[in-house]
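One line per chain: the protein sequences are V and C, in this order.
In terms of the UniProt record's numbering, the first sequence opens at residue 1 and continues consecutively.
In terms of the UniProt record's numbering, the second sequence opens at residue 1 and continues consecutively.
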Amino acid sequence: MKDNIIIRFEHVTKQYDNDPPVLNDVCFEIERGKFYTLLGPSGCGKTTILRLIAGFIGPSQGNIYFNGKIINHVPANKRQVNTVFQDYALFPHLNVFENVAFGLRIKKLKNAEITEKVKEALRFVNLKGYENREISEMSGGQRQRVAIVRAIVNEPEVLLLDEPLSALDLKLRTEMQYELRELQRRLGITFIFVTHDQEEALAMSDEIFVLNNGKIEQSGTPTDIYDEPINRFVANFIGESNIVSGKMIKDYVVEFAGKTFDCVDKGFNPNETVEIVIRPEDLEITPKDQGKLQVRIDSQLFRGVHYEIICYDQDGNEWLVHSTRKVKVGDEIGLHFDPEAIHVMRLGETEEEFDKRLENY
Amino acid sequence: MRNTSRNFYLIPYVLWIILFVVTPLFLVLYYSFFDIEGHFTLDNYKKFFTTVYLGMTLSSFWYAFLITLFTLIIAYPTAYLLTKTKHKQLWLLLIILPSWINLLLKAYAFLGIFGTYRAANSFLKMIGIGSKQLLFTDFSFIFVSVYIFLPFMILPIFNALNELNPSLVDAAHDLGGSSWTTFRRVIFPLTLDGVKSGCQVVFIPSLSLFMLTRLIAGNRVITLGTAIEQHFLVTQDWGMGSTIAVFLIIAMVIIMIVTGKKVVSKVL
Ligand SMILES: Nc1ncnc2c1ncn2[C@@H]1O[C@H](COP(=O)(O)OP(=O)(O)OP(=O)(O)O)[C@@H](O)[C@H]1O
Ligand SMILES: [Mg+2]
Numbered sequence: 001m002k003d004n005i006i007i008r009f010e011h012v013t014k015q016y017d018n019d020p021p022v023l024n025d026v027c028f029e030i031e032r033g034k035f036y037t038l039l040g041p042s043g044c045g046k047t048t049i050l051r052l053i054a055g056f057i058g059p060s061q062g063n064i065y066f067n068g069k070i071i072n073h074v075p076a077n078k079r080q081v082n083t084v085f086q087d088y089a090l091f092p093h094l095n096v097f098e099n100v101a102f103g104l105r106i107k108k109l110k111n112a113e114i115t116e117k118v119k120e121a122l123r124f125v126n127l128k129g130y131e132n133r134e135i136s137e138m139s140g141g142q143r144q145r146v147a148i149v150r151a152i153v154n155e156p157e158v159l160l161l162d163e164p165l166s167a168l169d170l171k172l173r174t175e176m177q178y179e180l181r182e183l184q185r186r187l188g189i190t191f192i193f194v195t196h197d198q199e200e201a202l203a204m205s206d207e208i209f210v211l212n213n214g215k216i217e218q219s220g221t222p223t224d225i226y227d228e229p230i231n232r233f234v235a236n237f238i239g240e241s242n243i244v245s246g247k248m249i250k251d252y253v254v255e256f257a258g259k260t261f262d263c264v265d266k267g268f269n270p271n272e273t274v275e276i277v278i279r280p281e282d283l284e285i286t287p288k289d290q291g292k293l294q295v296r297i298d299s300q301l302f303r304g305v306h307y308e309i310i311c312y313d314q315d316g317n318e319w320l321v322h323s324t325r326k327v328k329v330g331d332e333i334g335l336h337f338d339p340e341a342i343h344v345m346r347l348g349e350t351e352e353e354f355d356k357r358l359e360n361y
Numbered sequence: 001m002r003n004t005s006r007n008f009y010l011i012p013y014v015l016w017i018i019l020f021v022v023t024p025l026f027l028v029l030y031y032s033f034f035d036i037e038g039h040f041t042l043d044n045y046k047k048f049f050t051t052v053y054l055g056m057t058l059s060s061f062w063y064a065f066l067i068t069l070f071t072l073i074i075a076y077p078t079a080y081l082l083t084k085t086k087h088k089q090l091w092l093l094l095i096i097l098p099s100w101i102n103l104l105l106k107a108y109a110f111l112g113i114f115g116t117y118r119a120a121n122s123f124l125k126m127i128g129i130g131s132k133q134l135l136f137t138d139f140s141f142i143f144v145s146v147y148i149f150l151p152f153m154i155l156p157i158f159n160a161l162n163e164l165n166p167s168l169v170d171a172a173h174d175l176g177g178s179s180w181t182t183f184r185r186v187i188f189p190l191t192l193d194g195v196k197s198g199c200q201v202v203f204i205p206s207l208s209l210f211m212l213t214r215l216i217a218g219n220r221v222i223t224l225g226t227a228i229e230q231h232f233l234v235t236q237d238w239g240m241g242s243t244i245a246v247f248l249i250i251a252m253v254i255i256m257i258v259t260g261k262k263v264v265s266k267v268l
């Protein structure tokens with residue numbers, strides 16, 4: 001076992017009463033010092049994974065390892081993990097200083113040491129001078145920073161963050177994304193960050209776990225997941241995509257929308273039915289006769305940085321195009337794309353099968 | 001517009017307050033300045049500061065304190081366990097239910113249970129302690145009072161615990177707090193308002209208990225409540241009765257301020 005692995009889930013299942021399991025046979029490894037993101041729709045089990053790591057609940061089946069030891073029955077207060085809660089969970093009866101000092105007081109540090117550490121930590125997140133404020137007198141962004149400081153002042157090995165940015169407005173949110181990423185680099189500790197916002201996940205993480213229905217659909221770096229989604233769910237959840245069904249004629253040749261195209265995918269059975277993903281920004285608008293595909297423009301929406309154009313080909317497939325050029329609704333145009341822009345997905349393939357297929361070729 | 005209509009709805013309430021709260025208060029204050037023959041005097045107030053009445057005040061406070069303390073000690077863990085049960089509202093209802101039964105009925109029931117040849121003594125005999133004088137003792141007085149006041153203490157504490165954000169408890173554990181630390185530094189401080197209102201609704205009425213003192217304690221326990229009753233109904237000395245009542249009211253107001261929520265004390 002590699003010693004840079006700090007947390008390992010081994011076939012972890014979590015079930016309440018006789019309901020269907022909230023987490024179903026989940027396996028993953030977390031490496032020391034990286035920024036991980038759990039991404040998935042509401043109710044998919046993100047918070048449940050964090051609560052299992054923090055120790056507020058235990059697994060129904062399977063084992064959780066921390067630094068190589070099983071911690072299924074270690075209580076939350078004995079784990080080297082701290083949490084930034086979805087609702088911050090700051091203590092309303094204590095001021096900012098005492099909130100941050102809470103963990104240090106439990107460790108029975110000397111008063112002078114506590115004061116120094118708390119002040120230092122507050123300075124770290126630009127909250128110097130706010131020591132004596134009541135929590136109710138802090139803004140949303142400030143509370144969020146207090147919640148982060150309260151956790152990191154205890155120098156945990158792993159910091160768990162449960163949608164800490166979801167309550168903030170867009171501008172502050174973007175700002176905090178930078179701050180958090182920067183903070184993680186400076187501290188060098190492992191962050192496990194939960195969000196259901198895919199842009200946030202792509203922008204911040206070293207590694208993303210895409211969850212759905214209590215299962216990990218795919219894990220990998222942001223570019224891996226964006227460029228090579230394993231199935232329709234991931235492709236749809238991470239960014240916008242055009243997904244059409246097609247047929248893999250042979251290695252490097254795929255057929256869809258009634259035509260054959262060169263591609264860079266391989267390892268399928270001849271004439272296997274597949275799904276094709278092309279990202280809207282990889283489609284380029286050309287005059288009708290110069291495009292690989294001919295489509296008719298159905299609608300156009302200005303999105304600030306680009307136009308969002310929806311077109312249909314003669315088979316009735318919908319194509320979403322992002323373009324900086326304005327077009328005329330109703331016009332017939334051509335669409336051009338490179339062979340690399342085509343991503344082919346096998347139906348119902350799991351992550352292991354996907355990895356194996358890539359390895360074998 | 002909204003204001004005037006709201007004022008309109010307030011009329012019955014204001015009338016009620018004037019008729020049954022403000023007027024009696026002034027009447028009590030007024031009577032406290034007259035002696036038994038109806039002459040104006042300050043003697044009642046002088047008399048209150050004699051050892052007899054001060055002693056009575058002291059014992060009233062002492063018993064009220066004991067009753068409140070024991071009620072709290074029983075009520076807090078009960079309320080805590082209640083919030084952990086599955087059908088908590090049902091259990092709560094079962095605990096609140098006895099408080100709907102008339103106080104006198106419950107007192108008489110205890111007369112039955114605690115009587116020399118009754119259930120409680122048979123039980124003591126059975127476990128080998130032997131028959132004891134239970135009725136007309138401090139013990140029985142406090143026991144029955146605690147029983148009667150228990151629901152009034154459990155309810156506000158239960159509500160406070162129920163409203164406590166569970167992620168605060170998680171946060172305390174997360175930051176290294178053991179169960180006891182979490183209770184002492186987070187759960188208890190955050191349910192203090194519930195404890196305070198519980199203490200208020202137990203302490204204040206127990207200051208002026210009089211039926212129980214007669215029935216259960218056999219008039220061996222004399223509280224301010226008993227004294228007021230005696231003066232009004234037996235000695236007919238309304239002046240002295242009112243004077244005691246004035247002091248009782250002052251004591252209650254002070255307790256309300258001390259145990260009240262922040263808002264209340266700010267307003268006052
Ligand atoms: N104590 C519990 N008892 C029963 N079911 C629960 C309990 N806690 C969570 N669940 C269920 O587990 C599932 C996953 O919950 P979880 O909180 O992990 O979702 P999430 O991915 O964090 O969602 P969100 O993005 O909305 O926060 C949900 O269907 C939820 O109803
Ligand atoms: Mg959640």
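Don't be surprised by glycine CBs; every beta carbon is placed ideally from N, CA and C.
Only a predicted model underlies this, so the values are computations on that prediction, with no experimental measurement involved.
Taking 8 angstroms as the CB-CB cut-off, is residue 171(C) touching chain V?
With 8 angstroms as the cut-off, residue 171(C) counts as an interface residue toward chain V.
Under the DSSP definition of a beta bridge, which residues are partnered with residue 295(V)?
Answer is 313(V), 333(V).
Residue 257(V) versus 63(V), 250(V), 216(V), 318(V), residue with shortest Cα-Cα distance
The shortest Cα separation from residue 257(V) among 63(V), 250(V), 216(V), 318(V) belongs to 318(V).
So, does the CB of residue 103(V) fall closer than 8 angstroms to a CB anywhere in chain C?
At least one chain C Cβ lies under 8 angstroms of residue 103(V).
Need the endpoints of the alpha helix (DSSP H) that residue 346(V) sits in, please.
In the DSSP assignment, residue 346(V) falls outside any alpha helix (DSSP H) and within the unbroken beta strand (DSSP E) covering 343–346.
Tell me whether residue 23(C) is buried or exposed, calling it buried when 16 or more other Cβ atoms sit within 10 Å of its Cβ.
In summary, residue 23(C) is exposed, with fewer than 16 beta-carbon neighbours lying within 10 Å of its beta-carbon over all protein chains present.
Secondary structure at residue 136(C), three-state DSSP: helix, strand or coil?
Taken through DSSP and simplified to helix, strand or coil, residue 136(C) comes out as coil.
On a Cα-Cα basis, can you pick out the residue from 154(V), 263(V), 127(V) that is closest to residue 142(V)?
The option with the nearest alpha carbon to residue 142(V) is 127(V).
Inspect the beta-carbon positions of residue 56(V) and residue 76(V) and report whether they are closer than 8 angstroms.
Yes. Within cutoff.
Are there any heavy atoms of ligand 1 lying less than 7 angstroms away from the beta-carbon of residue 137(C), as far as the coordinates show?
No, the beta carbon of residue 137(C) sits no closer than 7 angstroms to any heavy atom of ligand 1.
Residue burial classification, residue 184(V) (beta-carbon count within 10 angstroms, cutoff 16)
Result: buried.
Hey, is residue 47(V) close to ligand 2, as in C-beta under 7 angstroms from one of its heavy atoms?
Under cutoff, so the answer is yes.
Cross-chain neighbours of residue 174(C) in chain V, by beta carbon under 7 angstroms
What residue 174(C) touches in chain V: 54, 76, 82, 83.
For chain V, is any of its Cβ atoms less than 8 angstroms away from the one on residue 186(C)?
Residue 186(C) counts as touching chain V.
Under a Cβ-count criterion, where at least 16 other Cβ atoms within 10 Å of its own Cβ denotes burial, should residue 263(C) be classed as buried or exposed?
In this prediction, residue 263(C) scores a pLDDT of 42, lower than 50, which makes its location untrustworthy; no coordinate-derived value is stated.
Same chain only: Cβ atoms within 8 angstroms of residue 51(V), ignoring 5 sequence neighbours per side:
Excluding residues up to 5 positions away in sequence, 57 lie with their Cβ nearer than 8 angstroms to the Cβ of residue 51(V) in the same chain.
Same chain, Cβ closer than 6 angstroms to residue 215(C), neighbours up to 5 away in sequence not counted
Taking C-beta separations shorter than 6 angstroms and ignoring five residues to either side along the sequence, the partners of residue 215(C) in its chain run 107, following chain order.
Residues that residue 189(C) contacts on chain V, provided the C-beta gap is smaller than 7 angstroms:
Proximity of chain V to residue 189(C) at the Cβ level (cut-off 7 angstroms) is accounted for by 93, in chain order.
With DSSP run on the structure shown, which of helix, strand or coil describes residue 256(C)?
Residue state, collapsed to three classes: helix.
Counting contacts by CB-CB distance shorter than 8 angstroms, is residue 178(C) in contact with chain V?
For residue 178(C), the answer is yes, since a Cβ of chain V falls inside 8 angstroms of its Cβ.
Distance CB(residue 149(C))-CB(residue 222(C)) smaller than 8 angstroms
Not closer than 8 angstroms, so no.
Would the beta-carbon of residue 196(V) be found less than 7 angstroms away from any heavy atom of ligand 1?
Yes.
Can you name, in chain order, every residue of its own chain whose Cβ lies under 7 angstroms from the Cβ of residue 241(C), other than the five neighbours on each side?
If we look at residue 241(C) and ignore the five residues flanking it on each side, its Cβ neighbours are 228, 231, 232.
Please list, in chain order, the residues of the stretch 106–131 of chain V that have any C-beta partner in chain C closer than 8 angstroms.
Taking 8 angstroms as the Cβ-Cβ cut-off against chain C, the residues of the stretch 106–131 of chain V that qualify are 106, 107.
Ignore the nearest five residues each way along the sequence and tell me which others in residue 192(V)'s own chain have a CB closer than 6 angstroms to its CB.
So the list reads 36, 160, once near-sequence residues are dropped.
Report yes if the CB atom of residue 157(C) is closer than 8 angstroms to the CB atom of residue 169(C), and no otherwise.
No, the Cβ-Cβ distance between residue 157(C) and residue 169(C) is not below 8 angstroms.
First and last residue of the alpha helix (DSSP H) that includes residue 173(C)?
Segment 166–174, the alpha helix (DSSP H) holding residue 173(C).
Does the distance from the C-beta atom of residue 27(V) to that of residue 214(V) stay below 8 angstroms?
A distance of 8 angstroms or more separates the beta carbons of residue 27(V) and residue 214(V).
Start-to-end residues for the beta strand (DSSP E) that takes in residue 63(V)
Here the beta strand (DSSP E) through residue 63(V) covers 61–66.
Excluding the 5 residues flanking residue 357(V) on each side, which residues of the same chain have their C-beta closer than 8 angstroms to its C-beta?
The beta carbon of residue 357(V) sits closer than 8 angstroms to the beta carbons of 267, 346, 349 from its chain, once the five residues preceding and following it are set aside; these are given in chain order.
Run through DSSP, which three-state label would residue 301(V) get?
Correct three-state label for residue 301(V): strand.
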